[in-house]
């Protein structure tokens, strides 16, 4: 199925002066250290958390410090602007040195019609043309207030997309090595991955999800042919290697390789994602052998095409980049001076160079996204 198209626009968020980005399928973002790769993912996470939780929670989880770009005008807000289909949602943040210095602004449009507006630094708003005073104790954004009030059908795709967005940055591998006991059931992976064994156990016990577990095991066998044959969940988690003759020879999680656990988390996240949703992995290559990287990227593309997923990756790995040879329009570069970010690699490299050049080798030679480029973007 085709992915759900969306566009993210940003103004003056940390290192990102101006962003306009409409990714689809499996994409990778590359750039110098400090160019804003993680910030780009944090912008998406902030939008999701403002809608599903509240602004305070969102800022706490992405860090409220230094939200505004250093050289931006003192009175200019940080702007986050998300368009999905016929709906456009805009947040304007009056950033201070730490957190916000008053009420943030918000606008919501449907087919270019202004549905609600809350001016910056004001409690007075309007919803569907009617005046609305924001209660100082109200933690929800106005778009969520509107959704909770009426659940308008035109807003459903945006609400569903924000709820299903997953940003994976910091796997809590140490928690997966601790003793596990069967408890509550979960059908999708948390942002830290700490509920991995519960998710897989739920899939194993539920006919609806059993195919997802089989898919994960199948791809893991390809990526780690000598490391895994099967996983069992009773009485505790045990991972079995190929040709292990006795049930007692299964390995507990605390002795499993970091790479195997990381791949297990990534594959579980991808196949557990809702159709048409977006998910992201920061520094996809961490802990992984190049062979495993190739298998996992192939599996991600397979699921993205089948389920209409948009999968965003950040990387510094030449091996990851080489897997996008021939798909340069899905390689996005941050840190290019004087350009709206990120820039598709296909727009930076001469057409004659694309068929013959491995992207990772060009990156190693600093033919694009050199660390020195960042100095030109700092103003």
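Numbering (the numbering used here), first residue to last: 3 to 381. Ideal placement from N, C-alpha and C gives every residue a C-beta, glycine not left out.
Whole-angstrom distance between residue j and residue i, CA atom to CA atom
i, j, result
"residue 104", "residue 298", "44 angstroms"
"residue 270", "residue 214", "8 angstroms"
"residue 238", "residue 174", "19 angstroms"
"residue 283", "residue 171", "6 angstroms"
"residue 380", "residue 34", "The pLDDT assigned to residue 380 is 46, lower than 50, so where the model puts this residue is not dependable, and the model offers no usable value."
"residue 180", "residue 268", "19 angstroms"
"residue 46", "residue 338", "21 angstroms"
"residue 195", "residue 371", "31 angstroms"
"residue 221", "residue 273", "11 angstroms"
"residue 157", "residue 113", "11 angstroms"
"residue 254", "residue 264", "16 angstroms"
"residue 296", "residue 209", "30 angstroms"
"residue 139", "residue 336", "39 angstroms"
"residue 242", "residue 266", "14 angstroms"
"residue 259", "residue 130", "55 angstroms"
"residue 192", "residue 279", "15 angstroms"
"residue 369", "residue 132", "55 angstroms"
Range of the contiguous alpha helix (DSSP H) that encloses residue i
i, result
"residue 190", "Taken as a continuous stretch (DSSP letters only), residue 190 belongs to no alpha helix (DSSP H), as it is neither H nor E."
"residue 325", "Element bounds for residue 325: n/a, residue is neither H nor E."
"residue 263", "260-273"
"residue 208", "Premise fails: residue 208 is in no alpha helix (DSSP H) and is neither H nor E."
"residue 309", "292-309"
"residue 148", "144-152"
"residue 361", "361-366"
Nonlocal neighbours in the same chain, by C-beta distance under 6 angstroms from residue i, ignoring five residues either side
i, result
"residue 309", "277"
"residue 111", "90"
"residue 200", "188"
"residue 315", "30, 283, 286"
"residue 97", "69, 70, 80"
"residue 177", "196"
"residue 373", "34"
Spatial neighbours of residue i in its chain, beta-carbon cut-off 7 angstroms, leaving aside the 5 residues before and after
i, result
"residue 211", "189, 204, 205"
"residue 124", "105"
"residue 317", "30, 32, 285, 286, 287, 323"
"residue 16", "38, 41, 68, 69, 71"
"residue 101", "61, 66"
Span of the beta strand (DSSP E), counted from its first residue to its last, around residue i
i, result
"residue 133", "132-135"
"residue 107", "107-112"
"residue 120", "115-120"
"residue 168", "168-170"
"residue 175", "Careful: residue 175 lies outside any beta strand (DSSP E), inside the alpha helix (DSSP H) at 175-178."
Other residues of its chain near residue i: CB distance less than 8 angstroms, five sequence neighbours each side excluded
i, result
"residue 1", "There is simply no residue 1 to check, as the chain begins at 3 and stops at 381 in what is shown."
"residue 7", "24, 26, 86, 87"
"residue 99", "67, 68"
"residue 290", "261, 264, 265, 298"
Any non-hydrogen atom of the ligand PLP within 7 angstroms of residue i CB
i, result
"residue 340", "With respect to small molecules bound, the structure shown includes none, and the ligand PLP cannot be examined in it."
Chain B contact for residue i (CB, 8 angstroms cutoff)
i, result
"residue 81", "Here there is only one protein chain, and chain B is not present."
So, does the region 48-63 touch the region 157-177, judging by three or more C-beta pairs under 8 angstroms?
yes
Evaluate the contact criterion for the region 131-145 versus the region 108-122: three or more CB pairs, one atom per stretch, below 8 angstroms.
yes
Validate contact between the region 302-320 and the region 26-44 using beta carbons, cut 8 angstroms, 3 pairs
yes
So within the region 47-95, which uninterrupted alpha helix (DSSP H) runs reach at least 4 residues, ignoring any that extend past its ends?
If we require 4 residues or more, the alpha helix (DSSP H) runs fully inside the region 47-95 come out as 57-64.
Is there contact between the region 362-377 and the region 62-76, where contact requires at least three CB pairs shorter than 8 angstroms?
They do not touch, by the three-pair rule.
Do three or more CB pairs link the region 14-22 to the region 341-352 at distances below 8 angstroms?
yes
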